[in-house]
Each structure stands twice: as C-alpha cells, then as structure tokens.
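Trainee: Got a structure here, written out as structure tokens. Questions coming.
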Amino acid sequence: MHIEENKPLAPLTTFGIGGPARWFVEAASEDEIVQATAWARERGLMLFVLGGGSNLLVSDAGFEGLVMRVGLLGIEQLPDEIPSGAEAQNLLGKSMYGLKPVPFTAGETQRRTYRAAAGEDWDHFVGRTVKDNCAGIECLAGIPGTVGGTPVQNVGAYGQEVSSVIERVRAFDLVERKFREFSAVECGFAYRRSRFNSTDRGRYIVTRVDYRLTLGGAPTLRYAELQRAFQSSAEEGTQPSLVDVAAVVRRVRQGKGMLLVDGDVDCRSAGSFFKNPVVSEELAAEIAAASGKELPRFPAGAGNEGLVKLPAAWLIEQAGFAKGYTLGAAGVSSRHTLALINRGGASAKDVIALADQIGAAVEARFGIRLEMEPVMVGF
Numbered sequence: 022m023h024i025e026e027n028k029p030l031a032p033l034t035t036f037g038i039g040g041p042a043r044w045f046v047e048a049a050s051e052d053e054i055v056q057a058t059a060w061a062r063e064r065g066l067m068l069f070v071l072g073g074g075s076n077l078l079v080s081d082a083g084f085e086g087l088v089m090r091v092g093l094l095g096i097e098q099l100p101d102e103i104p105s106g107a108e109a110q111n112l113l114g115k116s117m118y119g120l121k122p123v124p125f126t127a128g129e130t131q132r133r134t135y136r137a138a139a140g141e142d143w144d145h146f147v148g149r150t151v152k153d154n155c156a157g158i159e160c161l162a163g164i165p166g167t168v169g170g171t172p173v174q175n176v177g178a179y180g181q182e183v184s185s186v187i188e189r190v191r192a193f194d195l196v197e198r199k200f201r202e203f204s205a206v207e208c209g210f211a212y213r214r215s216r217f218n219s220t221d222r223g224r225y226i227v228t229r230v231d232y233r234l235t236l237g238g239a240p241t242l243r244y245a246e247l248q249r250a251f252q253s254s255a256e257e258g259t260q261p262s263l264v265d266v267a268a269v270v271r272r273v274r275q276g277k278g279m280l281l282v283d284g285d286v287d288c289r290s291a292g293s294f295f296k297n298p299v300v301s302e303e304l305a306a307e308i309a310a311a312s313g314k315e316l317p318r319f320p321a322g323a324g325n326e327g328l329v330k331l332p333a334a335w336l337i338e339q340a341g342f343a344k345g346y347t348l349g350a351a352g353v354s355s356r357h358t359l360a361l362i363n364r365g366g367a368s369a370k371d372v373i374a375l376a377d378q379i380g381a382a383v384e385a386r387f388g389i390r391l392e393m394e395p396v397m398v399g400f
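Residue numbering for the sequence shown follows the numbering used here, starting at 22 and increasing by one per position.
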C-alpha cells in the first residue's frame, strides 16, 4: 500500500476541477481498505472514498485528508436460478412496450446473478451483461463511474434504476470496523438515494455488489427516445436485442454530451448537476397554469403516490438558461441544460456561482429549490 502526498485530484474527475488531496492511496483489496482507513483514523484525518470521479465537484482548495480510490476488480457469475410458479408467470407478462408478449421458454425466465467488485468500470460491466443476454441494466449503458457508486446514488436513467436489480451490497463499516452485507431492502433505496448517501453517509465503503438480472429478458423501452429508435421493430412485432438497446442509449447520451468522449468540451462535467424535483400533482398543475405551457412530468415511482417528477432541464430552460449559456469559464452544456461544464480552466468557485444563479432563478420563477446531484468534496 503506497500513500502519496499532495496528489492532484482534478485529473481523476470528469469535471477536471479541484485542488489536491493532502494524502492519497489506491486500495486494491479489502485488506488494503482496512489498512488505509486505520492509517487515517490513527492520524485523525478525514477520509473521502473516490470511485470513477464522475459525480463529484472538488473544491479549489482540495481535500485536507486521505482520499482513497477503491480499485477492487473482478466480475463473477454465480449459478443461474430458474424461478417457478407465480414469479415465472409474472415474467411472462413483461415484454417490450407496445410489442406482443414474448413466448415462454425456461431459459427466458432464468435469473443470473453477477458479483462485481466496486472498482470495476460500470459501462464495461453493463456491456458484459448485455452480451450475455441478461436484462435489467441495458438502459444504464454509457454512465461513467464504477460499480461501487451505483448503490450509493441508486443510479438510474431511461426507465431503469439499479435498485430494481441489486440483490446484495457488501461494504466496510468504518464505525464497527468490520464488513457487512445488506439486502436491497436494507439499502433503503429511493430516487437517487440510499442509506449510503443519506442516513449513513460516510459510514460505509462499498466493496462489492450483486446484481440479479433476467437471462433472455425483454429490454426496457419506457422512454419515448428509445421507443422511436425501435419503432420499426415494434411495427413488425419483434424486439431489439439488449446489445442494440445499450448501443442506442449510448448514442442518445452522446447526443446530450453525457458520454465521455475525448476532446468533447461538453463531457467535462459531472453529468446531471441537478436532480429532477419530485412535487405534488397539485403543485405541478399550479406551475403549468402559471407558465401557460405544457409541463412535462413523469411518475415519481412506487411509494410516491400523489407525487410526480418534473424535469429539471425544463425548469432551467424556462427560467432563462439556454443550452450553451456561459458564466466565465463555466457554462451550461451546448447539448443538455442539466449539465454544467468546465469550458476550460474553470474553478469550483465558477461552477458554484453558475449553479447558484440557476437555482435562484428557478426558485424565483417556480417556487422550487433544485437540489444539486454531485458529491461536494472539500467545501
């Protein structure tokens, strides 16, 4: 285990912003996680766990503690499971939006569990599962970051969330100094939330995640963009492969500047900078009436009856911030209003100033306070 001093953090983030870490270590095993956290604890240092660097903004002053990047690697396929009875019958009804039900075969209802180490690249893992014809995360292709970050943030996009397929999460408890395993229920998943970034923020370090996918399952095509892409398949009564769906998702993300591409300035971001607000149906109706425009809205998900999710991008645009808006070296992506970007040489201070300006305008116009999505480090 090699501990470095004054390690630059900006190159380790997709934003490309931030000062150095006073101390830095890359942990390649669970034993090294135990050693590194003990080292920080003995010295009274703050600890920050770094994954893929895709969902955070580091302060200009950096981090005056130990930054530990989790580098655990490995993907293991556990023995397949074949459900029976009601579960198998329920799976028969799950077919692509607008298409005929897929004929039943035993192979199409098999469950396959993948055990992935926290340091594995997320998009690489998604690619592995769709090539194996396992449904459940195909719409999450192209999302930057690592496996370990997915349960923390309950990563989701285009009609899927990891909470629907996570079977178990293994993590190191910094308080009790031991490893624990959590079922999906124990993770406390909600929209972009889990116990790991809310009630137990900073207590656990994720080291491994088990995902339970459906072998031969139909792809999830709930979003209009994906439905349009496969309209001809729908008309023919066939369905695209999971590989095809993942490829289209990546193209859609690239069109919005949400896919990491070398040399693309719109990629120097933390992805979606604001969360889509969840509000009451009454408030949504009031906003629509006041704006005089059709307000797009989506179901808020199970357990949120009477609530709807509003697209933050729409609120931002209506508040006067168009794609390509700039404030110094920071700006709004030229392809997606929800992404704030580093146009070149931007500081964390620049990004926060732009975020504050946008947030104040949205609140003044709609009475909704936007919540920032990236993790803020060193502020």
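By construction, the Cβ of each residue, glycine as well, lies at the ideal position given by its N, Cα and C atoms.
What you are looking at is a predicted structure, and each value in this text was computed from that prediction instead of being measured.
With DSSP as the reference, please indicate the residues paired to residue 194 in a beta bridge.
Mentor: The count along the sequence shown starts at 1 and reaches residue 194 at position 173. DSSP, once it has assigned bridges, lists 199, 225 as partnering residue 194.
Trainee: Can you tell which of 92, 39, 79, 40 has its C-alpha closest to the C-alpha of residue 46?
Mentor: Here residue 46 refers to the residue found at position 25 when the sequence shown is read from its first residue. Checked all of 92, 39, 79, 40; the closest Cα to residue 46 is 92.
Trainee: Look at the alpha carbon of residue 166 and the alpha carbon of residue 72, and state the distance between them as a whole number of angstroms.
Mentor: The residue given as residue 166 occupies position 145 in the sequence shown. The residue given as residue 72 occupies position 51 in the sequence shown. Roughly 7 Å separates the two Cα atoms.
Trainee: Rounded to the nearest angstrom, what separates residue 289 and residue 364 at their Cα positions?
Mentor: Within the sequence shown, the letter at position 268 stands for residue 289. Within the sequence shown, the letter at position 343 stands for residue 364. Going by the C-alpha atoms only, they are around 8 Å apart.
Trainee: When you compare only the Cα positions, how much space is there between residue 334 and residue 40?
Mentor: As a working note, residue 334 is residue 313 in the sequence shown. As a working note, residue 40 is residue 19 in the sequence shown. Cα to Cα, the separation comes out at about 29 Å.
Trainee: How many whole angstroms separate the CB atoms of residue 349 and residue 371, which I take to be in contact at a CB cut-off of 8 Å?
Mentor: Within the sequence shown, residue 349 is the residue found at index 328, counting from 1. Within the sequence shown, residue 371 is the residue found at index 350, counting from 1. Right, the Cβ-Cβ distance comes to about 5 Å (below 8 Å), so this counts as a contact.
Trainee: Among the residues of its own chain, which have a CB less than 8 Å from the CB of residue 82, if the five just before and after it don't count?
Mentor: Working through the sequence shown from its first residue, we reach residue 82 at position 61. So the list reads 40, 399, once near-sequence residues are dropped.
Trainee: To which residues does DSSP link residue 69 through a beta bridge?
Mentor: As a working mapping, residue 69 is identified with position 48 in the sequence shown. In DSSP, residue 69 forms a bridge with 88.
Trainee: Report the option in 56, 272, 221, 140 whose CA atom is closest to the CA atom of residue 207.
Mentor: For the purposes of this step, residue 207 is taken as the residue at position 186 of the sequence shown. The shortest C-alpha separation from residue 207 is found at 221.
Trainee: To which residues does DSSP link residue 44 through a beta bridge?
Mentor: Position 23 of the sequence shown holds residue 44. Note: residue 44 sits in a beta bridge opposite 26, 87.
Trainee: What's the C-alpha gap between residue 145 and residue 252?
Mentor: Here residue 145 is taken as the residue at index 124 of the sequence shown, counted from 1. Here residue 252 is taken as the residue at index 231 of the sequence shown, counted from 1. Between residue 145 and residue 252, the C-alpha separation is close to 27 Å.
Trainee: Please report how far the alpha carbon of residue 158 lies from the alpha carbon of residue 178, in whole angstroms.
Mentor: As a first step, residue 158 is located in the sequence shown; it is residue number 137 there, counting from the start. As a first step, residue 178 is located in the sequence shown; it is residue number 157 there, counting from the start. Spanning the two alpha carbons is a distance of roughly 9 Å.
Trainee: Between residue 163 and residue 280, how many whole angstroms is the CB-CB distance? I'm expecting something under 8 Å.
Mentor: In the sequence shown, residue 163 corresponds to position 142, counting from 1. In the sequence shown, residue 280 corresponds to position 259, counting from 1. So it is a contact: roughly 5 Å between Cβ atoms.
Trainee: By DSSP's criteria, residue 393 is part of a beta bridge. Which residues make up the other side?
Mentor: Within the sequence shown, residue 393 is the residue found at index 372, counting from 1. In the DSSP secondary-structure assignment, residue 393 is bridged to 295.
Trainee: Looking only at C-alpha atoms, which of 52, 211, 396, 395 sits nearest to residue 200?
Mentor: On the sequence shown, residue 200 is found 179 positions in, with the first residue counted as 1. Here the closest residue by C-alpha is 52.
Trainee: If contacts are defined as beta-carbon pairs under 8 Å, then residue 235 and residue 132 qualify, I think. What distance do you get, rounded to the angstrom?
Mentor: For the purposes of this step, residue 235 is taken as the residue at position 214 of the sequence shown. For the purposes of this step, residue 132 is taken as the residue at position 111 of the sequence shown. Sure, about 6 Å apart at Cβ, within 8 Å.
Trainee: Can you tell me which of the three DSSP states residue 373 falls into?
Mentor: Stepping through the sequence shown from its first residue, residue 373 is reached at position 352. Helix, per DSSP.
Trainee: So, for residue 322: in the same chain, excluding its five sequence neighbours on each side, which residues have a beta-carbon less than 7 Å away from its beta-carbon?
Mentor: The residue given as residue 322 occupies position 301 in the sequence shown. Result list for residue 322: 212, in chain order.
Trainee: Do residue 174 and residue 1 count as a contact pair if the criterion is CB distance below 8 Å?
Mentor: Beyond the ends of the chain as shown, which are 22 and 400, falls residue 1; an answer cannot be given.
Trainee: Does the beta-carbon of residue 433 have 16 or more other beta-carbons within 10 angstroms, so that it is buried, or is it exposed?
Mentor: Residue 433 is absent from the structure shown; the chain starts at 22 and stops at 400.
Trainee: Using three-state DSSP, classify residue 168 as helix, strand or coil.
Mentor: Here residue 168 is taken as the residue at index 147 of the sequence shown, counted from 1. Looking at residue 168 - three-state DSSP - the assignment turns out to be coil, as it is neither helix nor strand.
Trainee: To the nearest angstrom, how far is it from the Cα of residue 392 to the Cα of residue 379?
Mentor: Your numbering for residue 392 matches position 371 in the sequence shown. Your numbering for residue 379 matches position 358 in the sequence shown. Distance between the alpha carbons of residue 392 and residue 379 is about 11 Å.
Trainee: What does a CB cutoff of less than 7 Å around residue 126 pick up in its chain, not counting 5 residues either side in sequence?
Mentor: For the purposes of this step, residue 126 is taken as residue 105 along the sequence shown, with counting starting at 1. Any reading at residue 126 needs caution, since the residue's pLDDT is 43, under 50, leaving its predicted position unreliable; the model's value is listed next. Cβ neighbours of residue 126 beyond the five flanking positions: none.
Trainee: Nearest to residue 258 by CA position, among 246, 276, 244, 239, is which residue?
Mentor: Against the sequence shown, residue 258 aligns to sequence position 237. It is 239 whose Cα lies nearest to the Cα of residue 258.
Trainee: Am I right that residue 317 and residue 332 are in contact with their C-beta atoms under 8 Å? What's the rounded C-beta distance?
Mentor: As a working mapping, residue 317 is identified with position 296 in the sequence shown. As a working mapping, residue 332 is identified with position 311 in the sequence shown. Going by Cβ atoms, the distance from residue 317 to residue 332 rounds to 5 Å, so yes, they are a contact pair.
Trainee: Quick one: what's got a C-beta closer than 7 Å to residue 172's C-beta in the same chain, skipping five residues either side?
Mentor: In the sequence shown, counting from the first residue as 1, residue 172 sits at position 151. The answer, listed in chain order, is 183, 187, 190, 208, 215, 217, 227, 230.
Trainee: How should residue 285 be labelled, buried or exposed, when 16 other C-beta atoms within 10 angstroms of its C-beta is the threshold for buried?
Mentor: Start at 1 with the first residue of the sequence shown, and residue 285 comes out as number 264. That one is exposed.
Trainee: Using CA coordinates, which residue listed in 35, 396, 24 is at the minimum distance from residue 219?
Mentor: Position 198 of the sequence shown, counting from 1, holds the residue named residue 219. Considering only alpha carbons, the answer is 396.
Trainee: Looking only at its chain, what residues have a beta carbon closer than 6 Å to the beta carbon of residue 66, apart from the 5 residues adjacent to it on each side?
Mentor: Taking the sequence shown and counting its residues from 1, the one referred to as residue 66 is at position 45. These residues qualify, in order along the chain: 86, 87.
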